[in-house]
Amino acid sequence: MNIKGLLAIVPLSLALVACGGKDTSNTANVSNTDDNSAPQVTEPKTENTKNNAAQNQNVDEKTAEVGNSIYVNASTKLTGADAAKIFSDKYPNAQIESVEYDTEEYKYEISAKDAEKEYEIKINPESGEIIAEEFENDRDDDEFLTTEQIAKAEDFLNKAVLNSGEGFLVKSWDMDIDDGICEIDIELKGDGGSEMEYKYNVDTAELIEKEN
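All residue numbers for the sequence shown refer to the numbering used here, where the first residue is 334 and numbers rise by one.
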């Protein structure tokens with residue numbers, strides 16, 4: 334081989350080497366681009382999931398506590414409005430003078446009158462059964478409770494329980510008209526045997542009296 338041919342081969346070899354290096358670099362860049370564009374996998378936030386579950390459990394427990402009976406005798410299922418409806422369904426012409434609940438005697442007592450006689454009806458607070466009825470032929474011009482007033486009883490019972498503190502439950506209550514004012518008198522009993530009493534104006538929600 335002569336010298337001129339050799340000199341022609343050398344530049345060609347150098348050019349091929351340069352092109353080969355450039356292609357390798359581009360391949361590497363493409364590989365890096367693929368790595369950057371690959372989706373990132375996020376691990377589940379196990380701790381946050383546990384915390385949320387614990388919070389939901391606490392809410393459920395609080396809801397269950399609110400749903401507990403407010404009465405000393407937890408078997409009480411009927412409200413004062415329920416008892417009044419049982420009475421009115423049987424004696425639709427009579428007007429209710431008072432509604433009374435008592436844990437120890439375990440009864441609702443409805444006093445009412447119509448144009449001819451007085452009624453005193455006792456109702457089982459769990460079953461709604463009428464367990465006693467008394468009548469008298471006597472009629473005075475008295476004031477009577479409305480359905481709306483009787484329906485407010487549960488609100489005042491819950492209010493008294495909350496204001497009395499932990500451990501207090503409803504022992505007895507009664508609602509009637511006294512000197513033109515609709516009053517509800519609520520007696521509560523605590524865990525240690527202590528008692529509290531609240532009296533409210535049913536129409537204005539005013540606290541008339543509190544005793545402990």
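Every residue, glycine too, gets a C-beta built ideally from N, C-alpha and C.
Note that the structure is a prediction, hence the values are computed from the model and not measured.
>> Between V535, D536, T537, K492, which has its C-alpha nearest M529's C-alpha?
In response: In the sequence shown, residue 529 corresponds to position 196, counting from 1. Comparing Cα positions, the closest option is K492.
>> In the DSSP output, which residue or residues are listed as bridge partners for I517?
In response: As a working note, residue 517 is residue 184 in the sequence shown. Per DSSP, M508, Y533.
> Are A486 and A414 close, meaning C-beta to C-beta below 8 angstroms?
Replying inline: Residue numbering aside, residue 486 sits at position 153 when the sequence shown is read from its first letter. Residue numbering aside, residue 414 sits at position 81 when the sequence shown is read from its first letter. It is a contact, given that the beta carbons lie within the stated cut-off.
> Helix or strand or just coil, what does DSSP make of E430?
Replying inline: Residue numbering aside, residue 430 sits at position 97 when the sequence shown is read from its first letter. DSSP places E430 in strand when its eight states are reduced to three.
>> Determine whether the beta carbon atoms of W506 and L495 lie at a separation below 8 angstroms.
In response: Counted from its first residue, the sequence shown places residue 506 at position 173. Counted from its first residue, the sequence shown places residue 495 at position 162. Against a cut-off of 8 angstroms, the Cβ pair of L495 and W506 comes out as no contact.
>> Beta-carbon within less than 7 angstroms of E469's beta-carbon, same chain only, minus the 5 sequence neighbours each way: which residues are those?
In response: Here residue 469 refers to the residue found at position 136 of the sequence shown. Contacts found: K450, E451.
> What do you reckon, are the CB atoms on E442 and K455 nearer than 8 angstroms?
Replying inline: The residue labelled residue 442 in the question sits at position 109 within the sequence shown. The residue labelled residue 455 in the question sits at position 122 within the sequence shown. In this structure, K455 lies closer than 8 angstroms to E442 by Cβ.
> Where does I541 fall in DSSP's three states?
Replying inline: For the purposes of this step, residue 541 is taken as the residue at position 208 of the sequence shown. Residue state, collapsed to three classes: strand.
>> As a quick exercise: from I510, N534, L540, V503, pick the residue whose alpha carbon is nearest that of S527.
In response: Reading the sequence shown from its first residue, position 194 is the one you call residue 527. For S527, the nearest C-alpha among the options comes from V503.
> Nearest to I519 by CA position, among V535, L478, A465, G513, is which residue?
Replying inline: In the sequence shown, counting from the first residue as 1, residue 519 sits at position 186. The shortest Cα separation from I519 among V535, L478, A465, G513 belongs to V535.
>> What would DSSP say about E570, mapped onto helix, strand or coil?
In response: Only positions 334 to 545 of the chain appear in the structure, and residue 570 is not among them; the question remains open.
>> Taking the alpha helix (DSSP H) that I483 belongs to, which residues open and close that run?
In response: Here residue 483 refers to the residue found at position 150 when the sequence shown is read from its first residue. Note, I483: alpha helix (DSSP H), 480 to 484.
> Under three-state DSSP, which class holds V494?
Replying inline: Within the sequence shown, the letter at position 161 stands for residue 494. Reduced to three states, the DSSP call for V494 is helix.
> By Cβ distance, which residues of its chain are closer than 7 angstroms to I403, with the 5 residues on each side in sequence left out?
Replying inline: Along the sequence shown, read from residue 1 onward, the residue named residue 403 stands at position 70. So the list reads L490, N491, V494, L502, V503, once near-sequence residues are dropped.
>> Using a Cβ-Cβ cutoff of less than 6 angstroms, which residues in the same chain neighbour A465 once the five nearest sequence positions on both sides are dropped?
In response: Position 132 of the sequence shown, counted from the first residue, corresponds to residue 465. Cβ within range, chain order: K455.
> Nearest CA to the CA of A417: which residue from M508, S497, N406?
Replying inline: On the sequence shown, position 84 is the one that residue 417 refers to. Of the listed residues, the one whose Cα sits closest to A417 is M508.
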